[in-house]
Structures are given as structure tokens and as C-alpha cells.
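Chemist:
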Amino acid sequence: MNQIFTVEGMTCGHCEKAVTKALLSLDAQAKVVIDRTHNTVQVDSEKNREALAQAIANEGYRVSA
Numbered sequence: 005m006n007q008i009f010t011v012e013g014m015t016c017g018h019c020e021k022a023v024t025k026a027l028l029s030l031d032a033q034a035k036v037v038i039d040r041t042h043n044t045v046q047v048d049s050e051k052n053r054e055a056l057a058q059a060i061a062n063e064g065y066r067v068s069a
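So this note's numbering is basically just the index in the sequence shown, starting at one, shifted up by 4.
1) From the DSSP output, read off the bridge partner residues of Ile8.
2) For the beta strand (DSSP E) holding Lys21, just list the boundary residues, first then last.
3) Use the C-beta contact count for Ile8: other C-beta atoms within 10 angstroms, 16 or more gives buried, fewer gives exposed.
4) At what residues does the alpha helix (DSSP H) containing Arg53 begin and finish?
5) Given 7 Å as the limit, tell me if Leu30 has its C-beta closer than that to any heavy atom belonging to the ligand FAD.
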């Protein structure tokens, strides 16, 4: 299932790597596309939305939508 999150606080490549690593640790098969310009994280994963959002939030970013 393809899901899009609005994520505040991602400012650099390190941020992207941290979010991607967190999501892949939850679902190694996930496809992650991050767009810092629009503050979005697109995740194609079978995991539920709440778990994915929590994985991003655990890295210190605010997740909405």
C-alpha cells in the first residue's frame, strides 16, 4: 500500500537516511521516496500507517497527515 506522510524537520541528507533506515527496519521490503522540498515521505509498504508514522516520529520528526 502506497502512503504519503508530511514530515517536518527533515533538512539534510542525514535526515533522509535516518528516516529511510527507520522505515526499512520496520519493513525491509518497503520502497521509500523522500522529497525534502515538499516535506513528504512516500512509503510503499504493507505495514499499517500508524506503525510507519511512529517509526518516523521515533527519529525525532513531526509527522502529520
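Each residue gets a CB set at the ideal place from its N, CA and C atoms; glycine is no exception. All of these numbers come straight from a predicted model, not from anything done at the bench.
Modeler: The answer reads as follows:
1) According to DSSP, Ile8 bridges with Gln46.
2) Run containing Lys21: none in the beta strand (DSSP E); it sits in the alpha helix (DSSP H), Gly17 to Leu30.
3) By the 10 Å Cβ count, Ile8 comes out exposed.
4) In the DSSP assignment, Arg53 falls within the alpha helix (DSSP H) that extends over Arg53 to Ala61.
5) You won't find the ligand FAD in this model; it holds no ligand whatsoever.
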